[in-house]
Every structure is written in C-alpha cells, then in structure tokens.
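Data block below; observations after.
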Amino acid sequence: MPSLQGARVPPATYDDLPPAARAAHDAHTRVATITNMKRTLLRSVPAFEALMTWYPLRDTVREFLGERLTTLFAHAVSTETDCLICSTFFRRLLIQAGENPDRLVLDDWEAAVIAFGRRLALTPYTVPDEVYAPLAARLTREQIVALTAFGALMVATNVFNNALDVPLDDYLESFRRPETGRGEARHG
Numbered sequence: 000m001p002s003l004q005g006a007r008v009p010p011a012t013y014d015d016l017p018p019a020a021r022a023a024h025d026a027h028t029r030v031a032t033i034t035n036m037k038r039t040l041l042r043s044v045p046a047f048e049a050l051m052t053w054y055p056l057r058d059t060v061r062e063f064l065g066e067r068l069t070t071l072f073a074h075a076v077s078t079e080t081d082c083l084i085c086s087t088f089f090r091r092l093l094i095q096a097g098e099n100p101d102r103l104v105l106d107d108w109e110a111a112v113i114a115f116g117r118r119l120a121l122t123p124y125t126v127p128d129e130v131y132a133p134l135a136a137r138l139t140r141e142q143i144v145a146l147t148a149f150g151a152l153m154v155a156t157n158v159f160n161n162a163l164d165v166p167l168d169d170y171l172e173s174f175r176r177p178e179t180g181r182g183e184a185r186h187g
C-alpha cells in the first residue's frame, strides 16, 4: 500500500487548499466523508466536481437496481480494474450488510448486471451483445444509459486512484483482502 508520501500526488490537507477547494470540501462533508481520493481530487476543483457526480448517478441507479445490486455492480467494476481503494470500499459495504464478498450467491439477473460491470472495466471497453442483451430485456433505455454512465464513472475513479497511487484510507484497512496485490483478485 502506498503511504501518503508515496502517493504520486499526495492528498491535500485542508490547510493546503485554496478557498474554492475549501468550499467544495465543506459542501461535500454534508454529503459524505472526505477520503484520500477526494483530498487528492480537491487539488483540482473541476476534477473533484466531475468525479463527485458519482453520488447522483449512484442514487439514480439504486432506484432501479436496489442497494445490494448497485453495490455489487460497483464492486465488480472496481475488482476488474484492480482498484485497491474502490474494491475495498465496496467490499466493506458488502461485509457490513452481512455478505461475504468472496462467496456471493447471485441469481441470473444479478450475475448479468455484474457481467456488464466487469465488461465496462475491460479494455477495449466494449460490451458484447450476449452481455448487453439481459439488461436490454429488463431495463429501459434511460436506465441502461444511467447504469452505463455510472459504470464509466466507476472506471474513471478507479483509473484515478490507480494512476496516482492514492493511498488506502485507514478506515478501510481491516476490510482489505490481504492475500491479493493492489486490489482484489479478479473473478472469472
């Protein structure tokens, strides 16, 4: 795990932030926790604002997938990109909900949604018809657009964390899979 000093761009402290970044920080603390990823993003307010659109997209997707499947989808994208921070974050949510992320029991619909998320995270970022078809059969076009954008934003946060070696937050350390490298082992 990279240390704060080992990060390519260390997370900013509140005192390091210019006024616009402090305002974005303060506004966001009313919605969610400020993590190492967010403190790194706050070095560029437009970058922070772009990736924080994750929250309204997640809320939109959660309306039609539900809490569990939304988390499973985001976890699938994050494990496929081998993002330590995001895969551990969603692993924590699953564990706290009483799930075992290493032994998930999925129905056909859940497996289809997870397969779609994994495909979004794979280069060359294409989704074959056989992976897309189960979603098209069940979701509206608007829902597919929201889910795809949510998955793409998950990929973007994963790329950001991986490219800059953003350090894992201390509160996530106990949820990390110790036997793996950066993130979690990819699932077949």
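Numbering (numbering that gives the first Met the number 0), first residue to last: 0 to 187. Where is the CB? At the ideal position from N, CA and C, for every residue including glycine.
Straight-line gap, residue i to residue j (C-alpha atoms, nearest Å)
i: Ala132; j: Val144; result: 14 Å
i: Ala11; j: Gln95; result: 29 Å
i: His186; j: Lys37; result: Note that His186 scores a pLDDT of 39, beneath 50, so its modelled location is shaky; the value from the coordinates is reported in the next line. Near 28 Å, if we compare the C-alpha coordinates of Lys37 and His186.
i: His27; j: Asp14; result: 16 Å
i: Asp168; j: Cys85; result: 11 Å
i: Ala22; j: Val44; result: 10 Å
i: Tyr124; j: Arg118; result: 7 Å
i: Glu136; j: Leu146; result: First, the amino acid is wrong: residue 136 is Ala here, not Glu. Their backbone Cα atoms lie some 14 Å apart in a straight line.
i: Pro18; j: Leu40; result: 15 Å
i: Asp189; j: Arg140; result: The first residue shown for the chain is 0 and the last is 187, placing residue 189 beyond what the model contains.
i: Thr32; j: Arg42; result: 17 Å
i: Pro166; j: Val158; result: 13 Å
i: Asn161; j: Asp107; result: 31 Å
i: Val104; j: Asp58; result: 24 Å
i: Gly5; j: Asp81; result: 19 Å
i: Pro83; j: Arg7; result: Checking the displayed sequence, the identity of residue 83 turns out to be Leu instead of Pro. Roughly 15 Å between the two C-alpha positions.
i: Glu98; j: Asp128; result: 30 Å
Under the three-state DSSP convention, the category residue i falls into
i: Gly5; result: coil
i: Asp169; result: helix
i: Glu98; result: coil
i: Val112; result: helix
i: Tyr131; result: helix
i: Arg90; result: helix
i: Val126; result: coil
i: Arg176; result: coil
i: Val104; result: coil
i: Thr188; result: An answer regarding residue 188 cannot be provided, because it is not within the stretch 0 to 187 covered by the chain.
i: Ala184; result: With a pLDDT of 42 at Ala184, under the threshold of 50, the modelled position of this residue cannot be trusted, and the question is left open.
i: Leu138; result: coil
i: Leu146; result: helix
i: Leu121; result: coil
Selection from the options that minimises the alpha carbon distance to residue i
i: Ala111; options: Arg7, Pro17, Arg140, Val126; result: Val126
i: Leu134; options: Glu62, Tyr124, Gly116, Leu103; result: Gly116
i: Pro177; options: Arg90, Ala120, Thr139, Ile33; result: Arg90
i: Thr122; options: Glu79, Ala20, Asn35, Phe63; result: Glu79
i: Asn35; options: Phe88, Val60, Thr59, Val76; result: Phe88
i: Phe63; options: Gln142, Glu98, Thr156; result: Gln142
i: Thr156; options: Arg61, Leu138, Asp128, Ala120; result: Ala120
is_contact[residue i, chain D] using C-beta, thresh 8 Å
i: Leu103; result: In the displayed structure, chain D is absent; only one protein chain is listed.
- Query: Three or more beta-carbon pairs under 8 Å between the segment 62 to 71 and the segment 41 to 50, yes or no?
  - Reply: no
- Message: As an exercise, report each continuous alpha helix (DSSP H) stretch of at least 4 residues that is fully enclosed by the segment 9 to 85, in chain order.
- Response: 18 to 27, 35 to 40, 44 to 50, 53 to 79
- Message: For the structure I just gave you, are there three or more beta carbon pairs, one from the segment 167 to 177 and one from the segment 151 to 159, closer than 8 Å?
- Response: no
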